[in-house]
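Chains A and B supply the protein sequences, listed in that same order.
In my numbering, each residue carries its 1-based index in the first sequence increased by 466.
In my numbering, each residue carries its 1-based index in the second sequence increased by 466.
One structure is given below, encoded as structure tokens.
There are 2 protein chains.
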Amino acid sequence: MLTGRQLLILQVIIDDFIRSAQPVGSRSLSKKDDIPYSSATIRNEMYDLEEMGLLEKTHTSSGRIPSEKGYRFYVDHLLSPQALKKKDMSQIQSIFADRILEIENVVQRSAEILSQMTNYTSIVLGPDHHENKVKSVQIIPLNQDSAIAIIVTDTGHVENKRFTIPPGLNPEDIERMVKILNDKLTGTPLVELHDKMYREVALFLKRHIANYDLMIEAFAQIMNVPVHDKLFFGGKMNMMNQPEFNDIDKLRMLMDVIDKEDYLYPLIKENSGSGIQIRIGKENNNEALKDISLITASFPVIGGQSGSLAILGPTRMEYSRVISLLNVISLDLSKALSSFYDADDK
Amino acid sequence: MLTGRQLLILQVIIDDFIRSAQPVGSRSLSKKDDIPYSSATIRNEMYDLEEMGLLEKTHTSSGRIPSEKGYRFYVDHLLSPQALKKKDMSQIQSIFADRILEIENVVQRSAEILSQMTNYTSIVLGPDHHENKVKSVQIIPLNQDSAIAIIVTDTGHVENKRFTIPPGLNPEDIERMVKILNDKLTGTPLVELHDKMYREVALFLKRHIANYDLMIEAFAQIMNVPVHDKLFFGGKMNMMNQPEFNDIDKLRMLMDVIDKEDYLYPLIKENSGSGIQIRIGKENNNEALKDISLITASFPVIGGQSGSLAILGPTRMEYSRVISLLNVISLDLSKALSSFYDADDK
DNA sequence: TTTAGCACTCAAGATTAGCGAGTGCTAACA
DNA sequence: TGTTAGCACTCGCTAATCTTGAGTGCTAAA
């Protein structure tokens, strides 16, 4: 168990290091007002803290830096939730000031502002589209051979795709088809769309439309919603400003991981619904992220869904500030996006 | 005027430097098979070429590197159009293999493949939307207060925006409105939309719809097409791999310019219709781009419009290869996108 | 238990030496 | 007269050496 003095010293060391990115020595600590001990005393305590694995040295005679375990202890026990400044708050409000926005818009702007406020990289994952329900289906013919299919969901999300009109289909057929699709598909969650097309809609089409099989093929194919939702990034380049990434090779490794969204996606998705989660350094199980901490927060949206937001920064991260920010923004996002889902439809 | 030997030497030096990024010395040149002169002779020629401002030294006793003027001469007089390898060609074909794609899709994939093939950063600007004509207007109510407005253009481009339904408007009003909008607006270029709404459509709405002014306001507002079209990037990070950007500060400066699309946009747009254009180093008139060359190509699309593509790389760029690639791809893009505009919609 | 003092360590910066790739110039050569 | 061999010289790199200073661990005294 740690003594109060050890806690104090650990806290100050970590706070200091987060600010300066420089190893912290005993002498500079003893000069601080909140620390009334001599450097020798602090050295002894540091020694103990190092033995416990909470601190590290970069070389034998250097000051101490927090170890991963140290950061872990810090976030678990030492972190005092820090109130946000007025300036920060008002900046956040600005995201949600405009009443009329698309979901994507809100999400993208959240990511941008979050990264701008933290100088880290932010990642936002909007609520899953897959559960959204079809509100309306439209087919707009462009010319003889091609048409645009449009699906609008109850949340106002619009999917559109161009497709080839099977030969021998005339405008009346299309009109009839749109009617059938709307009758049958309205209210269907996007995930079930493909199935339902074949299971239920096919029969009807068969009855009313020539070449229904070609048509259904063409149409079903375009309903293939992408495997996972889009991640929205803010400040991808911000990590360039962190001293730990002055080395261009490290930066490149990191960027590779960030750009390969496949890896990040599950990490961020995973969190769904369990508040704030912090992954420090090797806890990420990825060589390129070994000096990175990832803080994720999820926000529920009406209807049992949820989105997530995440901040990716150096292990030496302003945990307290980031957590506060994520808390506030996830709450706001929750409210803002719920209003989209709150459609009193039917 | 340059002698044949000087031309040869200049060419070889530039080719060599483009490959190696290292200053080229007289001895290593004299060893090459195509150069039957002694190092001393070459030194004399180099001296002359330097006097003419075509070559430079990095320090008094270093080998030579091409100056900007040297590159300019190279691209203007020395460049032999290099035939593309089969592998390259087939990779390009793959972009256009899928018949059914949205314009955005083709454009984005072109940018990606272009950057991947060159290891530079690519930028593609699709043909201007502003001239696209309205094909169909739809309004899909989501609930009491909000609805989605959708505009489909003749090229299959879909714009959609959420808006608030002015109070006191009932579903029949909306249906009538959609009918009027389609009657009046079909065939209108996007740029003229806003104007036409007020000039011609307003009158009709007034006659048929209560609260027409609120509605028109809401609707016109969402028609505001963004000031300029979106640039599609490929390989934003590729410049990290160029030795000239090993310095993280240079990289940061460059990234700032790339991310601030405002600056790049006119450079790329400007070219419209004048074939391939090359801007070397300071010709870009931008401190951050002083070690950068920008090669732009424009491709016409049926209907008098055009798009552009650009490659941004170090001044030490594989000009010949890049130009060949741009030529081929711009031709293909021209064909591919024209097919979208080729709608037989009278 | 705390602190003062001291010997010791080590990274980082400055200085120096040596190497090698390259140049410019001169004189000899075809 | 154009070309080449030879030589002195330059200068960026790299490795080696020195110096400095911030920091530690340990011991002994308060």
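Cβ coordinates follow ideal geometry from the N, Cα and C atoms, glycine included.
Since this is a predicted model, take the numbers as computed values, not measurements.
Residue i versus residue j - alpha carbon distance
i: Val657(A); j: His596(A); result: 5 Å
i: Glu534(A); j: Gln582(B); result: 37 Å
i: Pro655(A); j: Ile605(B); result: 21 Å
i: Asn752(A); j: Thr587(A); result: 17 Å
i: Val723(A); j: Ser759(A); result: 14 Å
i: Gln557(A); j: Lys552(B); result: 54 Å
i: Asp798(B); j: Ser790(B); result: 12 Å
i: Lys650(A); j: Ile561(B); result: 36 Å
i: Ile614(B); j: Lys599(B); result: 20 Å
i: Lys812(A); j: Pro637(B); result: Its pLDDT being 37, under 50, Lys812(A) is placed unreliably in this model, and the coordinates cannot settle the point.
i: Glu568(A); j: Gly622(A); result: 7 Å
i: Pro502(B); j: Ile480(B); result: 18 Å
i: Arg745(B); j: Ser612(A); result: 40 Å
i: Ile616(B); j: Ala763(A); result: 33 Å
i: Gly653(A); j: Lys662(A); result: 12 Å
i: Asp715(A); j: Lys716(B); result: 15 Å
i: Thr507(B); j: Lys523(A); result: 59 Å
i: Val572(A); j: Met783(B); result: 40 Å
i: Asp554(B); j: Arg628(A); result: 28 Å
i: Ile742(A); j: Ile761(A); result: 7 Å
i: Phe698(A); j: Leu733(A); result: 14 Å
i: Tyr513(B); j: Asp500(B); result: 20 Å
i: Lys702(A); j: Leu720(B); result: 14 Å
i: Thr630(A); j: Val624(B); result: 16 Å
i: Ser528(B); j: Ser504(B); result: 18 Å
i: Ile795(B); j: Arg509(B); result: 41 Å
i: Leu803(A); j: Pro632(A); result: 39 Å
i: Tyr537(B); j: Val603(A); result: 56 Å
i: Pro709(A); j: Glu683(B); result: 50 Å
Helix, strand or coil at residue i [DSSP, three-state]
i: Pro709(B); result: helix
i: Pro732(A); result: helix
i: Arg787(A); result: helix
i: Gln548(A); result: coil
i: Glu568(B); result: coil
i: Arg782(B); result: coil
i: Ala776(A); result: strand
i: Gly700(B); result: strand
i: Ile768(B); result: coil
i: Ile675(A); result: coil
i: Gln743(B); result: strand
i: Leu468(B); result: coil
i: Ala763(A); result: strand
Buried or exposed by the 16-neighbour rule on C-beta atoms within 10 Å, applied to residue i
i: Leu591(B); result: buried
i: Pro547(A); result: exposed
i: Asp542(A); result: exposed
i: Tyr540(A); result: buried
i: Leu659(A); result: buried
i: Arg530(A); result: buried
i: Gln574(B); result: buried
i: Pro532(A); result: buried
i: Tyr664(B); result: exposed
i: Glu511(B); result: buried
i: Gly773(A); result: buried
i: Asn750(B); result: buried
i: Gln559(B); result: exposed
i: Met705(B); result: buried
i: Ser576(B); result: buried
i: Gln610(B); result: exposed
i: Ala549(A); result: exposed
- request: Quick one: which unbroken alpha helix (DSSP H) runs of 4-plus residues sit fully inside the stretch 580 to 654 of chain B? Chain order, please.
  value: Within the stretch 580 to 654 of chain B, the complete alpha helix (DSSP H) runs of at least 4 residues are 637 to 651.
For this session: Examine the Cβ distances between the stretch 489 to 507 of chain B and the stretch 467 to 475 of chain B and report whether three or more of them are shorter than 8 Å.
Result: The stretch 489 to 507 of chain B makes contact with the stretch 467 to 475 of chain B, as at least three CB pairs between them are under 8 Å.
#### Entry: Within the stretch 491 to 568 of chain A, ranges of the beta strand (DSSP E) (whole runs, at least 3 residues)
If we require 3 residues or more, the beta strand (DSSP E) runs fully inside the stretch 491 to 568 of chain A come out as 521 to 523 and 530 to 532.
Exercise for review: Evaluate the contact criterion for the stretch 726 to 733 of chain B versus the stretch 514 to 521 of chain B: three or more CB pairs, one atom per stretch, below 8 Å.
Suggested key: With a cut-off of 8 Å, the stretch 514 to 521 of chain B and the stretch 726 to 733 of chain B do not count as touching, because too few Cβ pairs lie within range.
| field | Three or more C-beta pairs below 8 Å linking the stretch 637 to 648 of chain B and the stretch 663 to 676 of chain B | value | Contact between the stretch 637 to 648 of chain B and the stretch 663 to 676 of chain B is present, because at least three Cβ pairs lie under 8 Å.
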